[in-house]
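Numbering-wise, this note's numbering comes out as the position in the sequence shown, counting from 1, plus 3.
All residues carry an ideal CB built from backbone N, CA and C; glycine is no exception.
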Amino acid sequence: MMKISAILILMILNPSYAVLEDSIEVPKYGGCLNETAYDEDPTTGYHCHFSGRSCMNGEKYLSPMKAEAKGLPKCTCDEDYNNNVYVNKCYSMNTHQVTCIPTDETCPEMDIGPRSNSGLVVPESCGHGSAAYGAFEPPSCGKRCTCNYDYQKLDYQVMAATTMYGMCYNSQTHQGRCSAMKDHCDSSEMYVDSTHALVSGKCPCTEVEVGACIRKNGKFKSCAMAADSCATGHIFLSPLELLNSEHDHTCRLCKDTWNCVDNEEFTSDAGITCQKMSKKRKAKQMYCEDPDVKDNCPRMCGSCCADDMGATFTVLEEEVEINCAEFKLRDDKDAICKSDGKLEKICARTCKKCCKDDATAKFKVPGRDNKLFVRNCKW
């Protein structure tokens with residue numbers, strides 16, 4: 004067991020291949036619907052889940068397409084806290100800690116279930132970087148167990164990619180794959196729980212492999228979590244089947260849209276850092292065709308744009324430091340963004356400087372001698 008354990012650590016920390024963030028695709032998710040309850044109260048009659056196995060008596064599972072056709076809320080595993088897919092919540096009587104685990108796994112002690120606090124009203128401002136509050140009464144934030152967000156105690160910071168998953172491990176090849184479902188492992192693999200000491204903390208949703216729906220004509224349709232997310236007549240490929248197929252698609256449980264930083268340690272084949280490359284007038288055209296540069300310099304290449312939740316700052320000569328999550332709650336944020344160029348960079352998404360949020364966005368980039376040039380999204 005010690006030999007396997009050591010290999011597990013080595014395998015997870017040193018993956019055999021890298022995946023460019025731009026190439027990653029994610030599934031759409033369905034949910035469990037109680038039509039009678041939903042007609043009476045839309046906040047309680049429909050819940051987002053990975054598959055029909057999570058549905059209760061009186062509920063039926065709707066695929067993402069069927070849910071969308073009925074006008075039901077979109078289920079996600081992204082930054083949208085309110086519509087994140089539910090996972091299981093556990094409680095320890097010894098440590099008094101709440102732990103979020105994949106729905107397939109069994110709680111070590113008390114099983115609270117996957118929908119705890121689903122009835123509490125969560126404001127739209129709740130999300131990556133927010134402070135947690137409202138464990139027992141609304142409004143509430145950070146007190147659910149979901150696909151992307153782990154439960155946060157007290158007023159701890161709510162952070163994306165904090166719910167952890169297990170893995171499918173092949174003891175013969177010593178290869179492992181992060182997985183959210185036990186039946187995503189094939190007969191040669193064993194499922195290792197997310198709470199196992201050697202797996203814990205190493206499989207966030209960004210690393211979890213998922214399967215896909217294949218059309219009747221054999222063409223790829225979309226990434227999918229389970230067979231009941233596919234249309235009638237379509238074939239579901241498990242994550243390993245997809246990996247070994249002719250379909251050139253990389254499917255993950257979620258995609259990182261909340262971090263946007265260039266790798267400070269990276270240098271190109273020419274020995275140039277991201278920072279130095281970014282100072283060139285046509286940096287994007289000159290360097291970003293190189294996959295290594297695009298992967299390590301996503302901010303420079305414009306393949307991502309986000310608020311920096313690790314940064315704190317003061318505004319309008321106020322003494323208390325805040326972060327972007329707190330800043331976006333202010334009514335005067337638009338005016339402050341326009342007057343503070345430094346803040347525009349720190350809270351780029353809140354300040355509407357992300358091209359994916361605003362195609363008309365303009366921003367300043369450094370040129371020679373650190374002179375700033377105004378560029379648009381076509382740059």
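Bridge-paired residues (DSSP) for residue i
i       : result
Tyr-408 : Beyond the ends of the chain as shown, which are 4 and 382, falls residue 408; an answer cannot be given.
Arg-255 : Glu-212
Gln-160 : Ala-134
Arg-180 : Cys-171
Pro-207 : Met-167
Tyr-194 : Cys-171
Lys-270 : In the sequence as presented, Lys is not what sits at residue 270; that position holds Thr. BP columns for Thr-270 point to Thr-276.
Val-101 : Tyr-94
Thr-149 : Tyr-89
Ala-227 : Gly-214
Gly-122 : DSSP lists no partner for Gly-122.
Beta carbon of residue i nearer than 8 Å to that of residue j
i       : j       : result
Ala-234 : Val-211 : no
Tyr-32  : Cys-80  : yes
Pro-242 : Gly-214 : yes
Val-161 : Gly-116 : no
Lys-73  : Asn-86  : no
Pro-301 : Asp-265 : yes
Asp-90  : Cys-103 : Here the sequence assigns Val to residue 90, which means Asp is not the residue at that position. Taking 8 Å as the Cβ cut-off, Val-90 and Cys-103 qualify as a contacting pair.
Ile-349 : Asp-298 : no
Cys-226 : Cys-206 : no
Glu-324 : Phe-316 : yes
Ser-26  : Pro-105 : no
Asn-262 : Ala-338 : no
Ser-128 : Lys-331 : yes
Pro-30  : Cys-254 : yes
Glu-347 : Cys-358 : no
Ser-271 : Pro-67  : no
Exposure label - residue i; buried when at least 16 CB within 10 Å
i       : result
Glu-82  : buried
Gly-2   : Because residue 2 is not part of the residues shown, which for the chain are 4 to 382, the question remains open.
Val-124 : exposed
Ser-19  : For Ser-19, the predicted structure reports a pLDDT of 34, less than 50, and the residue's modelled location is therefore unreliable. The matter cannot be settled from this model.
Gly-34  : buried
Thr-166 : buried
His-236 : Position check: residue 236 holds Gly in this sequence, whereas His was assumed. Exposed, since its Cβ has fewer than 16 Cβ neighbours within 10 Å.
Asn-60  : exposed
Phe-139 : exposed
Ala-200 : exposed
Ala-229 : buried
Met-113 : exposed
Arg-284 : exposed
Cys-307 : buried
Thr-260 : buried
Lys-146 : buried
Met-4   : With a pLDDT of 40 at Met-4, under the threshold of 50, the modelled position of this residue cannot be trusted, and the question is left open.
Leu-13  : Because the pLDDT of Leu-13 is 49, which lies under 50, any placement of that residue in the model is unreliable, and the number read from its coordinates should be weighed accordingly. Exposed, since its Cβ has fewer than 16 Cβ neighbours within 10 Å.
Leu-256 : buried
Original post:
Taking the runs of the alpha helix (DSSP H) that are 4 residues or longer, which of them lie wholly in the region 17-97?
Top reply: 38-43, 67-72
Subject >> contact_flag[the region 153-162, the region 120-136] where n(CB pairs < 8 Å) is 3 or more >> reply: yes
Subject >> 4 or more residues per run - each alpha helix (DSSP H) lying fully within the region 302-355 >> reply: 327-330, 336-342, 344-349
Original post:
How do the region 244-251 and the region 286-296 stand: do at least 3 beta-carbon pairs fall below 8 Å, yes or no?
Top reply: no
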